[in-house]
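J.:
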Amino acid sequence: MIASDTAAFRATLPAGGRLLGLDVGTRTIGTALCDSQWTIATAAELIRRTKFAKDLAALRALAEALQVKGLVVGLPLNLDGSESPRTQSVRAFARNLAPLGLPVLLWDERWSTQAVTRTLIDADASRARRAELVDKMAAAYILQGAIDALTMA
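For the sequence shown, my numbering assigns the number 1 to the initial residue and increments by one for each residue that follows.
1) Can you tell me the Cα-Cα spacing of G171 and T87, whole angstroms?
2) Using the three-state DSSP reduction, which class does A32 fall into: helix, strand or coil?
3) Quick one: grab the DSSP three-state call for T42.
4) Do the region 43–50 and the region 72–90 make contact, defined as three or more Cβ pairs closer than 8 Å?
5) Per DSSP, what are the beta-bridge partners of V90 in this structure?
6) My output table needs one value for G74: the three-state DSSP class, helix, strand or coil.
7) By DSSP's criteria, L19 is part of a beta bridge. Which residues make up the other side?
8) Can you check which of these residues, G30, G74, L77, is closest to R49 by C-alpha distance?
9) Go to D80, then tell me how far its alpha helix (DSSP H) extends in each direction, as first and last residue.
10) Along the chain, where does the alpha helix (DSSP H) that runs through D5 open and close?
11) For T6, count neighbouring Cβ atoms within 10 angstroms of its own Cβ and tell me buried if that reaches 16, exposed if not.
12) Which of the three DSSP states, helix, strand or coil, is assigned to R60?
13) If contacts are defined as beta-carbon pairs under 8 Å, then R154 and L79 qualify, I think. What distance do you get, rounded to the angstrom?
Set out below in structure tokens:
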């Protein structure tokens, strides 16, 4: 099941459970995890993209090892809310996650990378360090926004 609505996604997870956040890029997939009570999201691994089958295997291994119950995938919309070719690519990626057997929530990620980059610049992180951290921190930013919305109801 792929949802854009938090209520529909939450209905698939009545007992909560750990969620895996994904910031899907063309070269990497930033990942983040939250606790089973949906309190806080933390950056996890950075997966270097290769072929989709290998990407899926890496995500499956991570989800199984950490007993993940659902996925939150950042959806890169344009600033005006419209969709772009990149948005369609991420939607296709989310559809292709079906073999994992986990519900998927598509979450608006318009400001995630900019917010994380600004935080890293403010922390005086070097360009190399920012490049290393930005995708998995963006995944945590995306996941935190989603769990905040999920727990407001």
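Just so you know, even glycine gets a beta-carbon here, dropped at the ideal spot from N, CA and C. Quick caveat, the model's predicted, so the values are computed rather than measured.
T.: The answer reads as follows:
1) This structure does not reach residue 171, given that the chain is present from 1 up to 153, and the question cannot be answered.
2) strand
3) Here T42 sits in strand by DSSP.
4) Taking one beta carbon from each stretch, the region 43–50 and the region 72–90 have fewer than 3 pairs nearer than 8 Å; the two do not touch.
5) Beta-bridge pairing links V90 to no other residue.
6) The answer is strand: DSSP assigns G74 an E or B state.
7) Looking at the DSSP assignment, L19 forms a beta bridge with G70.
8) The shortest C-alpha to C-alpha distance from R49 to any of G30, G74, L77 is the one to G30.
9) Run containing D80: none; DSSP gives neither H nor E here.
10) Note, D5: premise wrong, no alpha helix (DSSP H); not H, not E.
11) buried
12) helix
13) Nothing about residue 154 can be read from this structure; the chain reaches only from 1 to 153.
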